[in-house]
Every structure is written in C-alpha cells, then in structure tokens.
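Engineer: Using our numbering, you'd call the opening residue of the sequence shown number 750 and step up by one each time.
Glycine included, each C-beta is placed from N, C-alpha and C at the ideal position.
Quantities reported herein were computed from a predicted structural model and do not represent experimental measurements.
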Amino acid sequence: MIVNYNAGLLLTDCVDAALEQTQQVIVVDNASSDSSLSELTREFPSEHCLQIIRLDKNVGFAAGCNIGLKAATASFILFLNPDCILAPGAVDRLLQVIKQDNYIGMVGGRLLNSDGSEQGGSRRAIPTPWRSLVRALGLYRLAKYWPRLFFDFHLHQQPLPEKPIEIEAISGALMLVRRQAIEEVGAWDEDYFLHCEDLDWCMRFRQRGWKIIFVPDVQILHHKGACSQARPIFVAWHKHRGMMRFYQKFFHDQYPAILMWLVFIGVWMRFAAVVTFHTISYLGSLAGLRRG
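1. Is the beta carbon of Asn753 less than 8 Å from the beta carbon of Ser781?
2. Three-state secondary structure (DSSP) at His797?
3. To which residues does DSSP link Asn960 through a beta bridge?
4. Using a Cβ-Cβ cut-off of 8 Å (strictly less than) and excluding sequence neighbours within five positions of Ile916, which residues of its own chain qualify?
5. With burial defined as no fewer than 16 other Cβ atoms inside 10 Å of the residue's Cβ, what is the status of Lys973: buried or exposed?
6. Look at the Cβ atom of Leu715, then the Cβ atom of Leu970, and state whether they are nearer than 8 Å.
7. What number of angstroms, rounded off, separates the C-alpha of Ala1021 from the C-alpha of Asp1002?
8. Name the DSSP beta bridge partners of Arg927, please?
9. For the beta strand (DSSP E) containing Asn815, name the first residue and the last one.
10. Would Arg953 pass as a contact of Ile826 if the rule is Cβ separation under 8 Å?
11. Return the residue from the list Val1024, Gly817, Phe995 and Glu769 that minimises the CA-CA distance to Asp778.
12. Using the three-state DSSP reduction, which class does Arg897 fall into: helix, strand or coil?
13. Which of helix, strand or coil does DSSP assign to Val971?
14. When burial is assigned at 16 or more other CB atoms within 10 Å of the CB, is Thr761 buried or exposed?
15. Are the beta-carbon atoms of Glu939 and Asn807 separated by less than 8 Å?
16. Determine, using beta-carbon pairs with one atom in the segment 761–772 and one in the segment 830–845, whether at least three such pairs fall under 8 Å.
17. Starting from the Cα of His944, find the closest Cα among Pro910, Lys988 and Phe995 and give me that residue.
18. Does the pairing of the segment 849–857 with the segment 916–926 give three or more beta-carbon distances under 8 Å?
19. Consult DSSP for Pro876 and reduce its assignment to one of helix, strand or coil.
20. If you run the structure through DSSP and keep just helix, strand and coil, what is Pro837?
21. Is the Cβ-Cβ distance between Val846 and Pro913 less than 8 Å?
22. Are the beta-carbon atoms belonging to Ala839 and Gln773 less than 8 Å from one another?
23. Thinking Asp783 and Gly757 are a contact (beta carbons under 8 Å), I'd like their distance in whole angstroms, please.
24. Tell me, which residues are paired with Glu867 by DSSP?
25. Beta carbon of Leu948, beta carbon of Ala918: below 8 Å?
26. Please report the straight-line C-alpha distance between Leu804 and Ala812, rounded to a whole angstrom.
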C-alpha cells in the first residue's frame, strides 16, 4: 500500500518492484499535481493487481494509509513509501520473519541511501523527552561512560545485527504489518498530517504487547525526501507539529513539567532554525538568478 504525493517517476519504479512481490498494490494519491499518476497509468494501463485511489485533496500520510487500509484484503499489509525500491525477495523475507511468531505485529528492513549507507530511520529507539534532550545537548557523547543514562536513539550508528532483532520502532517508509494487530491496536492516528505517525503506531503496538522486528538482511533503496523537497517549510511545520503531538500524547504525564517545557522550546527553536535556513537558501538562489 503506497500513499503518493508528487513522487514523479519514482512512483512507477516503486510500483514496478512491488508488483513483482505482492498480490495487490494499492496507490492512494493525495491530489498530486505532477505527472506521477499519468506516468504510472501509462506504464501499467491494464494491470489488474494495481488499484489507484485518487483523492481530491491532500489528507496527509496517516489518513491516506487508513484509506488504503480499508481497500486492502490481505492478512499482512505492506506500507511502502513511493520513493522506496524493494530489493528482490524483500517481501518474502519479511513475511518469513513475521510468521515465525504470532506476537510479531510489524517488521521492517534496512533503508539505504543511494551510496549504500544505512539511513537513520530503519531501526530506532523511541525518542523520549529525555533522549531528545540528550541528543540536542550532545550528551550522547557520554554514552560510552554511562550508556543507560545517555543512550543515543540513533541505532543505525551501532553495529548491524546479524539476525532479526526486536526494537522499539521502525520507519513508516517500510512496514509489513499483521492485520490482526491492526484490528487490536487501531488504525493510524490521523491527527498527524506528516511525520511521527509511525512512531505513534509503534508506541501503540508495543503498549498492546505486539513485537516490532528489524530485519537487517532486507534492503530497500529509499530516496528520502523526494516527495517533499519542493515544500521544505511546509514539511518542516508538520514534522515539528507532529513531534509536539507525539510528546504530549505519550509523555505529558510521565515527565516533570520543566523537562517537557525544555523539549517543547527545543522543538520550536529547531523549527525556527530550519525556516531560517531554507529562507536564506531561497533568497540566495533568487539573488543568484538575478545576477545571472
């Protein structure tokens, strides 16, 4: 199941790889304004395993996933970003792992950059308020002395495990999920428009006792940010808004108010820095065009 928004030719490549490994591919399009759907239908004019759901407005990633979920019929549902390319045999391997234990709710693989390096979202620890503060202040450098206190939730910097392991969270860019678990946990939280909805789902799965497994030998090329680079400030706003919702939803009553306020201030300071960076970059590019 793929939620598309202006993914261009990447959508066709994504669907092409997915069709070879799945029985049904559902594309939910969030009112794209580019040629991604026309290119897709041109490439697959009569593919009976491909279903396209065209929305008249951008409802966000979580809501798009839920629309596709209602149309899906399988016992295991693959959620896949349109800028991801599955390696051969990836889905079979994920199915093999998830079927090994009836308490495994979702599995994910290793997301790779174009240079073959692992991306940060493949295997994650939940960024609790304390962990986020540790990361923001650079205190994770002390983890070699006090690993439990100054734990770094960026697990991709740790050695790659030799076999599938249970972790706290995987990326929404690639999730194979058990339908039975979804029926118990509930669908995606549509109050997130973009970003952090996958962390929310992972939290809720674990709260209900479902295991989340990272499968290191499943590789997926992820052209990260390909669908959002045209509107960086729009994306940044929803990303930081999602962070706020995530922290308030799960940690508001678990941490001292002063720590929560520090985290909230840090979130919006980070957003301000991102906006400043993109504004300066945009003005710089305009100045360059005028000089040219």
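Structural biologist: Quick answer:
1. yes
2. coil
3. First, the amino acid is wrong: residue 960 is Lys here, not Asn. Its beta-bridge partners are Ile853.
4. Arg872, Arg873, Ala874, Leu904, Ile961, Ile962 and Phe963
5. By the 16-neighbour rule on beta-carbons within 10 angstroms, Lys973 is buried.
6. Beyond the ends of the chain as shown, which are 750 and 1041, falls residue 715; an answer cannot be given.
7. 27 Å
8. Phe825
9. That residue, Asn815, is in no beta strand (DSSP E); its alpha helix (DSSP H) goes Phe810 to Ala820.
10. no
11. Gly817
12. The answer is coil: DSSP assigns Arg897 none of H, G, I, E or B.
13. It should be noted that the sequence gives His, not Val, for residue 971. Here His971 sits in strand by DSSP.
14. buried
15. no
16. yes
17. Lys988
18. yes
19. In this structure, Pro876 counts as coil in the three-state DSSP scheme.
20. coil
21. yes
22. no
23. With a Cβ gap of about 6 Å, Asp783 and Gly757 count as contacting.
24. Leu861
25. The Cβ atoms of Leu948 and Ala918 lie closer than 8 Å to each other.
26. About 11 Å.
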